[in-house]
Amino acid sequence: MSQLAQQLASGRFVVTAEIAPPKGTNLVSALAGARKLQGVTAVNVTDNQGANMRLSSLALAAQLQQSGTETILQLTCRDRNRMALQSDLLGAAAFGIENLLLLSGDHSKFGDHPDARPVFDLDSVQMLDMANGLMAGFDMAGKRLDGVPRFFPGAAVNPAAEPFELMFQKVTKKVASGARFFQTQSVFERGSLERFMAAMAPLRAPVIAGVLLIRSAKMARFLNANIPGVKVPQPLIERLECAGDPMAEGLAIARETVGWARELCQGVHLMTLGHEDHIPEILA
Amino acid sequence: MIISELKPLEELQQALSSCDKLFLVGCAACATACKAGGEEEVFKLQEWLATQDKEVTGSVVIDEACHIMRAARDLRHHRNAVQDADALVVLACGSGIQSISSNVEKRVVGGLNSMFLGNVRRFGYYEEMCSLCGECILNETAGICPVTTCPKGLLNGPCGGMTDGCCEVDAEIECAWRLIYERLQAQRRQGVFARRVPPKNWSRRRQPGRYRLTNGGR
Ligand code: SF4
Ligand code: SF4
Chain A
21 MSQLAQQLAS GRFVVTAEIA PPKGTNLVSA LAGARKLQGV TAVNVTDNQG
71 ANMRLSSLAL AAQLQQSGTE TILQLTCRDR NRMALQSDLL GAAAFGIENL
121 LLLSGDHSKF GDHPDARPVF DLDSVQMLDM ANGLMAGFDM AGKRLDGVPR
171 FFPGAAVNPA AEPFELMFQK VTKKVASGAR FFQTQSVFER GSLERFMAAM
221 APLRAPVIAG VLLIRSAKMA RFLNANIPGV KVPQPLIERL ECAGDPMAEG
271 LAIARETVGW ARELCQGVHL MTLGHEDHIP EILA
Chain B
613 MIISELKPLE ELQQALSSCD KLFLVGCAAC ATACKAGGEE EVFKLQEWLA
663 TQDKEVTGSV VIDEACHIMR AARDLRHHRN AVQDADALVV LACGSGIQSI
713 SSNVEKRVVG GLNSMFLGNV RRFGYYEEMC SLCGECILNE TAGICPVTTC
763 PKGLLNGPCG GMTDGCCEVD AEIECAWRLI YERLQAQRRQ GVFARRVPPK
813 NWSRRRQPGR YRLTNGGR
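The listed protein sequences correspond, in order, to chains A and B. Each residue of the first sequence is one higher than the one before, starting from 21 at the first, in our numbering. Each residue of the second sequence is one higher than the one before, starting from 613 at the first, in our numbering.
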């Protein structure tokens, strides 16, 4: 059982962070970045995040896992059909990777290969079903596996999405398809998080709230314009704009969000985008 | 209908560089309706070819260029003009172009790029609503196709990129899943939301598609 699974089961507040594989084969800074993350429960390894082509998330996660860092392997439906997804999951299991974050994935249009053919052979619900099938010893064709993987599959959610009921019906499906935990899109408003957590209560799936370190008003505007599902509210942008030290203000905002998560959720997922050294301050 | 558009003229120029005498073919069905390969466009092409010092030996607008036998018949009626030409230039969809190329030994130059099976929203404005997936889910989705109108073709509800009910890929268009949800609600039906939709059977869409009516259908 992964540490993440254990800690969530025991009701301990978990902290996750994330690392993006490099563009190229130089793993030095990714591995150094991971070492700075000591103290977090597990590290998400992103999969061609934002549809930008990088080294495979499985390769970096395998390296990290073998050097003693627990990972959460992110896998999207955008770049692989059902056969490739199954092979990669079996490969992940062979490297001792248990935690999964199974995603649809941002559309190829957003990244550096906009001419690529988006795959989306499965959606995230179907991928969860598939992962649970593998755990039960069968592939999607119903063929028996020689050696059965053990996973702790998770899913993503945007708790502030509207229409709420429409978003939530998919959350319900994901739980029914074996999502054992959720990591959320960046949270910016307490109100929407409260509403989401109230709806989650009967489903009993732990929620790890996404906290994004926004370093300036300019960055907030960039995120709003370019990152699907991220919507920094105007009042927060104004706070950053008026602040004498926007970075300190960004850290304060992140700290407040962690505070809400401590009250309402089962953990936080910190997205510090290269500023991992600030994590202790955000958690303080 | 099949939506198509004229290829960039520079590309056509290149494709025709070694041909002096050309026979032109249009299509009276889709290509006419979307103003890419009807009488008018064939005439315009002829005018442009004149500026390129090409000779046009003749032209025909075939009823439905995708009908292989009809295309053959129409070409036979213009046998001499076709014989005279170095190549045929076809203003029809890729299907129509291949009806022609399967009927003549001569070189065939396609003049159009074919884009999608489109609905006409209003004159000159076309939208793709069906991508011919071979396993239609519309009866469960209140008549709105997620396979096509969701850019990711998701089958179990919206992705995390839906923002205020609009699509992550194009903020100008409404998320297909929001539209499905609202219309099902208005009809007081659960529809597709009642079940987890299993992965799609893409073998229904294996290329190249072949279909044969038996005993006049089922
Ligand atoms: S589900 Fe969509 S793509 Fe498939 S046949 Fe129906 S309308 Fe066409
Ligand atoms: S926002 Fe809606 S329509 Fe757009 S890709 Fe996501 S699910 Fe599909």
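Cβ coordinates follow ideal geometry from the N, Cα and C atoms, glycine included.
- Remark: the C-beta of Leu796/B is outside contact range of ligand 2, defined as less than 8 Å to any heavy atom.
- Judged by the Cβ position, Cys748/B qualifies as a neighbour of ligand 1 at the 8 Å threshold, a heavy atom of the ligand being closer than this.
- Between ligand 2 and Arg790/B, a heavy atom-to-CB distance of less than 8 Å is present.
- Only Asn768, Gly769, Pro770, Cys771, Gly772, Gly773, Met774, Thr775, Asp776, Gly777, Glu780, Val781 from the stretch 768 to 781 of chain B bring a Cβ to less than 7 Å from some Cβ of chain A.
- Taking all protein chains in view, the Cβ of Ile785/B is surrounded by fewer than 16 other Cβ atoms within 10 Å, so the residue is classified as exposed.
- Contact between Pro758/B and Arg102/A does not hold, since their C-beta atoms are separated by about 18 Å, which reaches or exceeds 8 Å.
- Following the DSSP letters along the chain, one finds Tyr737/B inside the beta strand (DSSP E) bounded by residues 737 to 740.
- Less than 9 Å separates the beta-carbon of Thr761/B from that of Leu791/B.
- Around the beta carbon of Val721/B, a 10 Å sphere encloses 16 or more other beta carbons of the protein chains shown; the residue is thus reported as buried.
- Secondary structure at His298/A: helix, using DSSP grouped into helix, strand and coil.
- By the criterion of a C-beta distance shorter than 7 Å, Val732/B is surrounded in its chain by Tyr738, once the five residues flanking it on both sides are discounted.
- About 16 Å separates the CB atoms of Thr91/A and Asn68/A; that is not less than 8 Å, and the two are not in contact.
- If you check each beta-carbon in the stretch 239 to 268 of chain A against every beta-carbon of chain B, the ones closer than 8 Å belong to Pro248, Gly249, Lys251.
- Beta-bridge partners assigned by DSSP to Leu636/B: Ser671/B, Val701/B.
- Met155/A does not reach chain B, its nearest Cβ partner there being about 17 Å away, counting only Cβ pairs nearer than 7 Å.
- The beta carbon of Cys787/B sits closer than 7 Å to those of Pro770, Met774, Gly777, Cys778, Cys779, all from its chain and outside the five residues before and after it, given in chain order.
- Residues of the stretch 183 to 207 of chain A with a C-beta less than 7 Å from any C-beta of chain B: Pro183, Leu186, Met187, Gln189, Lys190, Lys193, Ala196, Ser197, Gln205, listed in chain order.
- Excluding the 5 residues flanking it on each side, Gly125/A has same chain C-beta neighbours closer than 6 Å at Thr96, Cys97, Arg98, in chain order.
- By the C-beta density criterion, Asn692/B is exposed, having fewer than 16 other C-beta atoms within 10 angstroms.
- Apart from sequence neighbours up to five positions away, the residues of its chain that approach Gly249/A with a beta-carbon distance below 6 Å are Asn178, Gln205, ordered along the chain.
- The criterion of a C-beta distance shorter than 9 Å is satisfied by Leu657/B and Leu703/B.
- Using a Cβ-Cβ distance cut-off of 8 Å, the stretch 638 to 658 of chain B and the stretch 293 to 303 of chain A are not in contact, since fewer than three pairs of beta carbons, one from each stretch, lie closer than that value.
- Remark: fewer than three beta-carbon pairs, one from each stretch, lie closer than 8 Å, so the stretch 741 to 754 of chain B and the stretch 143 to 159 of chain A are not flagged as touching.
- The count of Cβ pairs closer than 8 Å, one atom from the stretch 52 to 71 of chain A and one from the stretch 120 to 139 of chain A, reaches three, so the stretches are in contact.
- In the three-state reduction of the DSSP assignment, Val809/B falls in the coil class, being assigned neither a helical nor a strand state.
- Residues of the same chain with a CB within less than 7 Å of the CB of Ala199/A, apart from the 5 flanking positions on each side, are Leu148, Pro173, Gly174, Ala175, Ala225 in chain order.
- At a C-beta separation below 7 Å, Asn178/A has these neighbours in chain B: Gly772.
- Under DSSP, Cys778/B takes part in a beta bridge, and its partners are Thr775/B, Glu786/B.
- For the pair Leu724/B and Ser629/B, the CB atoms are not nearer than the 9 Å cut-off.
- Distances from the CA of Lys764/B to each of Leu142/A, Ala181/A, Thr192/A, Asp166/A were compared; the closest alpha carbon is that of Leu142/A.
- In this structure, Val672/B has its beta carbon at no less than 8 Å from each heavy atom of ligand 1.
- Looking at the DSSP output, His289/A sits in a beta bridge with Thr36/A, Gly230/A.
- Of Gly730/B, Leu636/B, His690/B, Thr663/B, the smallest CA-CA separation from Ile614/B is found for Gly730/B.
- Within the chosen limit of 8 Å, ligand 2 does not reach the beta carbon of Val177/A with any heavy atom.
- Looking at the DSSP output, Ser206/A bridges to Gly230/A.
- Asp665/B and Asp632/B have their C-alpha atoms spaced approximately 8 Å apart.
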